[in-house]
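J.: Our numbering puts the first residue of the sequence shown at 114, with every later residue one more than the last. Where a beta carbon is used, it is the ideal one built from N, C-alpha and C, also for glycine.
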Amino acid sequence: MAEIFNKTEGLTDKQFHYCPGCTHGIIHRLVGEVLVELGVLGKTVGVAPVGCSVLAYDYFNCDMHEAAHGRAPAVATGIKRILPENVVFTYQGDGDLASIGTAEIIHAAHRGEKFTTIFVNNAIYGMTGGQMAPTTLIGQKATTAPYGRQQATAGMPLRMSEMLATIDGAVFVERVSVHNVAAIRKAKKAIKKAFEVQIEGKGFGIVEVLSTCPTNWGISPVDSLKWLEENMIPYYPLGNFRTPEEGK
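1. Based on Cα-Cα distance, which residue from M273, S212 and M240 lies nearest to A246?
2. Is there at least one non-hydrogen atom of the ligand ADP closer than 6 Å to the beta-carbon of E321?
3. Once DSSP output is grouped into helix, strand and coil, what is the label at Y170?
4. Per DSSP, Y204 is paired with what?
5. Could you give the distance in angstroms between the alpha-carbon of Q244 and the alpha-carbon of V200?
6. Kindly list the residues whose CB is nearer than 6 Å to the CB of A258, restricted to its own chain and excluding five residues on each side of it in sequence; keep chain order.
7. Taking just the CA atoms, how far does I192 sit from E342?
8. Looking at T325: is its Cβ nearer than 7 Å to the Cβ of S333?
9. Have a look at G138, F285, M276 and Y349 and flag the residue whose alpha-carbon is nearest the alpha-carbon of C165.
10. Would DSSP call I332 helix, strand or coil?
11. Compute the beta-carbon to beta-carbon distance between T157 and L168, rounded to the nearest angstrom, for a pair I have assumed lies under 8 Å.
12. Looking at the unbroken beta strand (DSSP E) that takes in M177, where does it start and where does it end?
13. Looking only at its chain, what residues have a beta carbon closer than 7 Å to the beta carbon of G261, apart from the 5 residues adjacent to it on each side?
14. Distance, Cα to Cα, T136 vs D207?
15. Give the range of the alpha helix (DSSP H) segment to which R142 is assigned.
16. Output the distance between the C-alpha atoms of L143 and I304, rounded to the nearest integer angstrom.
17. For E275, which of helix, strand or coil comes out of DSSP?
18. Under a Cβ-count criterion, where at least 16 other Cβ atoms within 10 Å of its own Cβ denotes burial, should T266 be classed as buried or exposed?
19. Taking just the CA atoms, how far does H223 sit from F202?
20. Start and end of the alpha helix (DSSP H) containing G318?
21. Given this structure, state the Cα-to-Cα distance separating I218 from A115, to the nearest angstrom.
22. Looking at the unbroken beta strand (DSSP E) that takes in F308, where does it start and where does it end?
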């Protein structure tokens, strides 16, 4: 019988540890597929810090390096400078990249470091128990914001893609989502483009992927997809913010 669907060689056979309905698995697959399609899997090094993706070394079928919380861009910088011919990427959540590692990602982009960042934004701290993140929406409840995030005390949620797009060294910046099939296809296209930008030596690239966290949002996997579409996308609009072709 003909096989019409196979697991990408970009991933190992290790079973994911992610909660039911979490879309990390989809994003992992997209990254794995892209690395295979670009023919760079054998020379790729991924960097994963503390967070839900801390066990990514079990899943990506390439060399992986652990980093301290928020420090993946600093580690990736060192790896890429020592191994400039290799493809290097970081895989970071919003609590990691937009809070603890804000300085690292901003200055890596400012320097124009030639690696790729996959930024998974689910608007909450996942692994550590559902605390409010810099990306948590106004009114959204978290363990550290039981009545919902309040602008007067916590400020507005950070739009990282828009901020990074103002930095000259960030040559490719795009926000995508994985809440339905059409969005997943667009997400893969953006991820592939970000890696191509690195391979061509053009500079720093980042793809922000809106993701779900049914466990810490306190809703079902199906409802979480709807919640993302109705609540996250209006505040975090999808689209490209910067590309080399546009000369920005």
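T.: For this structure:
1. Position 133 of the sequence shown, counted from the start, is the residue given in the question as residue 246. Nearest option by C-alpha distance: S212.
2. In the structure on display, the ligand ADP does not appear, and there are no ligands present to speak of.
3. Looking up residue 170 in the sequence shown gives position 57. Here Y170 sits in helix by DSSP.
4. Counted from its first residue, the sequence shown places residue 204 at position 91. Y204 pairs with I231.
5. For the purposes of this step, residue 244 is taken as residue 131 along the sequence shown, with counting starting at 1. For the purposes of this step, residue 200 is taken as residue 87 along the sequence shown, with counting starting at 1. Roughly 33 Å separates the two Cα atoms.
6. Within the sequence shown, numbered from 1, the residue matching residue 258 stands at position 145. Same-chain partners within the cutoff: M245.
7. The residue you call residue 342 lines up with position 229 of the sequence shown. The residue you call residue 192 lines up with position 79 of the sequence shown. Near 36 Å, if we compare the C-alpha coordinates of I192 and E342.
8. As a working note, residue 325 is residue 212 in the sequence shown. As a working note, residue 333 is residue 220 in the sequence shown. It is not a contact, given that the beta carbons lie outside the stated cut-off.
9. Translated into positions along the sequence shown, residue 165 becomes position 52. The shortest C-alpha separation from C165 is found at G138.
10. Locating residue 332 in the sequence shown gives position 219, where the first residue counts as 1. Looking at I332 - three-state DSSP - the assignment turns out to be coil, as it is neither helix nor strand.
11. Locating residue 157 in the sequence shown gives position 44, where the first residue counts as 1. Locating residue 168 in the sequence shown gives position 55, where the first residue counts as 1. At roughly 18 Å, the Cβ-Cβ gap does not stay under 8 Å, so T157 and L168 are not in contact.
12. Position 64 of the sequence shown, counting from 1, holds the residue named residue 177. That run of the beta strand (DSSP E) goes D176 to E179.
13. Numbered from 1 along the sequence shown, position 148 holds the residue referred to as residue 261. Around G261: G252, Q253 and K254.
14. To locate residue 136, count along the sequence shown from 1; it is residue 23. To locate residue 207, count along the sequence shown from 1; it is residue 94. Going from the Cα of T136 to the Cα of D207 covers about 14 Å.
15. On the sequence shown, position 29 is the one that residue 142 refers to. Taken as a continuous stretch (DSSP letters only), the alpha helix (DSSP H) holding R142 covers H137 to E150.
16. Within the sequence shown, numbered from 1, the residue matching residue 143 stands at position 30. Within the sequence shown, numbered from 1, the residue matching residue 304 stands at position 191. Near 8 Å, if we compare the C-alpha coordinates of I304 and L143.
17. Locating residue 275 in the sequence shown gives position 162, counting from the first residue. DSSP places E275 in helix when its eight states are reduced to three.
18. As a first step, residue 266 must be located in the sequence shown, where it is residue number 153. Under this definition T266 is an exposed residue.
19. In the sequence shown, counting from the first residue as 1, residue 202 sits at position 89. In the sequence shown, counting from the first residue as 1, residue 223 sits at position 110. Computed Cα separation, rounded: 17 Å.
20. Taking the first residue of the sequence shown as 1, we reach residue 318 at position 205. First-last for G318: F317 to L323, but that is the beta strand (DSSP E), not the alpha helix (DSSP H).
21. The residue given as residue 218 occupies position 105 in the sequence shown. The residue given as residue 115 occupies position 2 in the sequence shown. C-alpha separation (whole angstroms): 45 Å.
22. As a working note, residue 308 is residue 195 in the sequence shown. Unbroken run through F308 is the alpha helix (DSSP H), V294 to I312; no beta strand (DSSP E).
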